[in-house]
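A quick write-up on the structure given underneath.
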Amino acid sequence: MQTSACHKPPCGNATTEERWHTHRRIVRRRRWLVAGLAVVALLAGFLDLLTGPAALPAGQVLNGLINPDTLSRPMQVVLWQMRLPVALLALLVGAALALAGAEMQSILHNPLAEPFTLGVSSSAALGAALAIVLGWGIPGTDIAWWVPVNAFVFALGSLLLLQILARWRGGDTQSLVLFGIAIGFAASAFLSLLQFIASEDALQQLVFWNMGSLARADWQSVAILSAVMALTLPFSWRAAGQLTSLRLGEEQAHSFGINVVHLRRWSLVRVSLLAATAVAFVGIVGFVGLVGPHVARMLVGDNHRYLLPASVLVGALLMALASVASKVLVTGVIMPIGIVTALVGLPVFIGLMLKRRHTI
Amino acid sequence: MTTTLSLRVEHLSVAYRGRKVLDRVSMPLLEAGQVVALAGPNGAGKSTFLKALAGLIPSTGRALLNGRDCLQWSAQNRAEHIGFMPQTLPHNTGLTVLESTLTALRGANPGIRREHELKALQVIDNLGIGELSFQPLSQLSGGQKQLAALAQAVVRDSPLLLLDEPVSALDLAHQWQVMEVTRRLADEGRLVVVVLHDLTLAARWADQIAILHRGHIHSFGPPVEVINTNTLSAVWGVRARVRLCEQGKPYVLVDGPAQPQPDTLHPLKAGIL
Chain P
185 MQTSACHKPP
195 CGNATTEERW
205 HTHRRIVRRR
215 RWLVAGLAVV
225 ALLAGFLDLL
235 TGPAALPAGQ
245 VLNGLINPDT
255 LSRPMQVVLW
265 QMRLPVALLA
275 LLVGAALALA
285 GAEMQSILHN
295 PLAEPFTLGV
305 SSSAALGAAL
315 AIVLGWGIPG
325 TDIAWWVPVN
335 AFVFALGSLL
345 LLQILARWRG
355 GDTQSLVLFG
365 IAIGFAASAF
375 LSLLQFIASE
385 DALQQLVFWN
395 MGSLARADWQ
405 SVAILSAVMA
415 LTLPFSWRAA
425 GQLTSLRLGE
435 EQAHSFGINV
445 VHLRRWSLVR
455 VSLLAATAVA
465 FVGIVGFVGL
475 VGPHVARMLV
485 GDNHRYLLPA
495 SVLVGALLMA
505 LASVASKVLV
515 TGVIMPIGIV
525 TALVGLPVFI
535 GLMLKRRHTI
Chain C
1148 MTTTLSLRVE
1158 HLSVAYRGRK
1168 VLDRVSMPLL
1178 EAGQVVALAG
1188 PNGAGKSTFL
1198 KALAGLIPST
1208 GRALLNGRDC
1218 LQWSAQNRAE
1228 HIGFMPQTLP
1238 HNTGLTVLES
1248 TLTALRGANP
1258 GIRREHELKA
1268 LQVIDNLGIG
1278 ELSFQPLSQL
1288 SGGQKQLAAL
1298 AQAVVRDSPL
1308 LLLDEPVSAL
1318 DLAHQWQVME
1328 VTRRLADEGR
1338 LVVVVLHDLT
1348 LAARWADQIA
1358 ILHRGHIHSF
1368 GPPVEVINTN
1378 TLSAVWGVRA
1388 RVRLCEQGKP
1398 YVLVDGPAQP
1408 QPDTLHPLKA
1418 GIL
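Listed in order, the protein sequences are those of chains P and C.
Residue numbers for the first sequence follow my numbering, so the first one is 185 and each next one is one higher.
Residue numbers for the second sequence follow my numbering, so the first one is 1148 and each next one is one higher.
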């Protein structure tokens, strides 16, 4: 746990009752922190709505959200068809990736774990490349959806393949990480091959997809990612206590009566769904899944009853701020969000590593 | 505690990649109220024996807890009856001592009530680490971490406690404290099986000592019967004197390595090559 989450302990001769009151104070503080994060994430999302080439005053936006008819027709289009899907998708993608990262770090006992370190991003990019370069798509699906559907199928497929391979080897964490890295390298190699044979236009499209972008946001993608979050969040919440016990080691968790194999399997299913859906709609967005859980851990500690909601909110906050930054960093240009998160995430991550060398 | 617990281990075997680490290990009936020390050289299979009993690794044979084979139980059922303390805890966990103890108490069943929280705090206090309740495990010394791990093992009031080297990182005073707690837990009606390297400590606190050697039980019985120069030479390969203290407990003074037997000499030195 970290200094911010660790209250000054009571003096050595405090009674059990006094220590219990200290414990309750810590619990209350964490709940307030999570509530505070929710407010800040919502404010960041609102700031994202206000930011863009066309000036939208805060009052008008608020009124327009409650009653769209108060806005002029062009303003309605800007707010409801352009800004709002982007802002919501940013919040949702950040939340999904950070939740996936938090669960993954716990089940793999690895602070560097996130969906993308296990080859999800490379696999999704390979799926997208097959659609962009070779025009391959799932038969029966709309051609406009080939890229996200391919990315989703390949990302999900890579994580399921990872599960099968790791299970074959006994399902230990080391096998999962090593097979994940191997799948990532294999997908990258095929991706390079496709890039090598791609036409100039296809290559440009592919490179842009790989950079990650919220520009493709629409209400359909928001609805689908919302549904996936709504489906996975209750199960993640239910597993929070068991995930906490994994922080004490696999043997300890097992001795507490937890079926670790079952827990890890279902957690990976949730992670697969969250990461694959997020990457399908926005492309490769790095670091949120890695840094989000670490920032959350600094704030609320390792107890997953607080860590999971805090990770969701920190991830949403980071993505909303990255979305704002992507619009204001270069005037008149919307930078790909993946570049912004990597640029911001890298120094944050190095700072965390230096500050928390004992616990990362 | 008023449970009448008994444990009988029959033909317990564990193999890693074809190599038998435990080979059909059996033990006489162990009963509640006893502290049973497991001793033996490194690699003898002591920790493996505990982990197999706790159901943490695959094994064959039977471990009859009150007549029922606990090796066949679900993890949750085992957790109700068996408390396990590992040798080490992960170094990078941010959970506090209290949180980790609560996590152990909670196990697979959600819902923390006030009495649970008070109980976890009481267990921590009893182990003398109350002032560390809100310290993250990652910031504890090795010895403090062992005490925290012990709190996790005992908090569920399991009638069978399996402690894997609970004093290996502790100073003399804390060793005494942990062994005193261990003795008290047994006196309250639990069966405690504890891995110890220090034979003098084992002799001081244990009712029975099981000496494991190369995956087999070499000897089993009260300390005064089990600890002798022949066993020390045959199992540990040391030349040692065994004396009795005022309470009649044996203690060990090691003088050096035992005289090597001809078949254990290096082939060149033995003149074979």
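Virtual Cβ for every residue (Gly too), placed ideally from N, Cα, C.
Just so we're clear, the structure is a prediction, and the values are computed from it rather than from any experiment.
Assign residue i to one of two classes, buried (16 or more other C-beta atoms within 10 Å of its C-beta) or exposed (fewer than that).
i	result
alanine 462 of chain P	buried
valine 1156 of chain C	buried
phenylalanine 380 of chain P	exposed
phenylalanine 369 of chain P	exposed
histidine 205 of chain P	exposed
aspartate 1311 of chain C	buried
proline 323 of chain P	exposed
leucine 1176 of chain C	exposed
arginine 208 of chain P	exposed
glycine 476 of chain P	buried
glutamate 434 of chain P	buried
isoleucine 1276 of chain C	buried
leucine 377 of chain P	exposed
glutamate 1246 of chain C	buried
leucine 530 of chain P	exposed
leucine 513 of chain P	exposed
Is the beta carbon of residue i sitting closer than 8 Å to the one on residue j?
i	j	result
alanine 464 of chain P	alanine 308 of chain P	yes
valine 472 of chain P	leucine 502 of chain P	yes
glycine 467 of chain P	serine 397 of chain P	yes
glutamine 436 of chain P	proline 1313 of chain C	no
serine 405 of chain P	leucine 273 of chain P	yes
glycine 364 of chain P	threonine 301 of chain P	yes
leucine 458 of chain P	glutamine 426 of chain P	no
leucine 268 of chain P	leucine 233 of chain P	yes
leucine 1236 of chain C	alanine 1295 of chain C	yes
asparagine 1213 of chain C	serine 1153 of chain C	yes
leucine 362 of chain P	phenylalanine 338 of chain P	no
serine 420 of chain P	arginine 449 of chain P	no
glycine 229 of chain P	leucine 275 of chain P	yes
asparagine 443 of chain P	alanine 1222 of chain C	yes
alanine 423 of chain P	serine 451 of chain P	yes
tryptophan 1352 of chain C	arginine 1330 of chain C	yes
alanine 1179 of chain C	alanine 1349 of chain C	no
What residues in its chain sit with their C-beta under 7 Å from that of residue i, if we drop five residues either side in the sequence?
i	result
threonine 1149 of chain C	With a pLDDT of 47 at threonine 1149 of chain C, under the threshold of 50, the predicted position of this residue should be treated as unreliable, though the coordinate-derived value follows. Excluding positions up to five away in sequence, the list reads Gly1336.
serine 188 of chain P	Here serine 188 of chain P scores only 39 on pLDDT, less than 50, and its place in the model should not be relied on; the value that follows carries that caveat. The residues are Met482 and Leu483.
valine 469 of chain P	Val277, Leu281, Gly396, Ile521, Gly522 and Thr525
threonine 1248 of chain C	Ala1267, Val1270, Ile1271, Ala1298, Gln1299 and Val1302
leucine 1218 of chain C	Gly1202, Ser1206, Arg1209 and Ala1210
glutamine 1406 of chain C	none
glutamine 1355 of chain C	Gln1181, Val1183, Phe1367, Gly1368 and Pro1369
serine 410 of chain P	Leu276
glutamine 389 of chain P	Ile316
valine 1161 of chain C	Val1168, Leu1169, Thr1195, Ala1199, Ile1204 and Ser1206
alanine 238 of chain P	Val262
leucine 292 of chain P	Thr357, Leu360 and Val361
Who pairs with residue i in a beta bridge, going by DSSP?
i	result
tyrosine 490 of chain P	None, per the DSSP bridge assignment.
isoleucine 1145 of chain C	Beyond the ends of chain C as shown, which are 1148 and 1420, falls residue 1145 of chain C; an answer cannot be given.
isoleucine 1229 of chain C	C:Leu1307
aspartate 1216 of chain C	C:Leu1211
methionine 1174 of chain C	C:Val1156
threonine 1243 of chain C	C:Pro1283
leucine 1169 of chain C	C:Val1161
Go through its chain and collect everything with a Cβ distance to residue i's Cβ below 6 Å, but skip five positions before and after it.
i	result
threonine 1347 of chain C	Tyr1398 and Val1399
leucine 1211 of chain C	Arg1155
leucine 217 of chain P	Leu483 and Val484
alanine 386 of chain P	Ile316 and Val317
leucine 1379 of chain C	Val1385 and Ala1387
tryptophan 403 of chain P	Pro269
histidine 488 of chain P	Ala424, Leu427 and Thr428
tryptophan 330 of chain P	Ala315 and Gly321
alanine 373 of chain P	none
State yes or no: is the C-beta of residue i nearer than 7 Å to some heavy atom of the ligand NAD?
i	result
proline 1369 of chain C	The ligand content of the structure shown is nil, which means the ligand NAD is not present either.
If I measure Cβ to Cβ from residue i and keep anything under 8 Å in the same chain, skipping five residues before and after, which residues do I get?
i	result
cysteine 195 of chain P	At cysteine 195 of chain P the pLDDT is 45, less than 50, meaning the model places this residue with poor confidence and gives no usable figure here.
phenylalanine 336 of chain P	Ala308, Gly311, Ala460, Thr461, Val463 and Ala464
valine 508 of chain P	Ala228, Leu231, Asp232 and Thr235
asparagine 1239 of chain C	Ser1285
leucine 417 of chain P	Leu283 and Val496
threonine 254 of chain P	Gln244, Asn247 and Gly248
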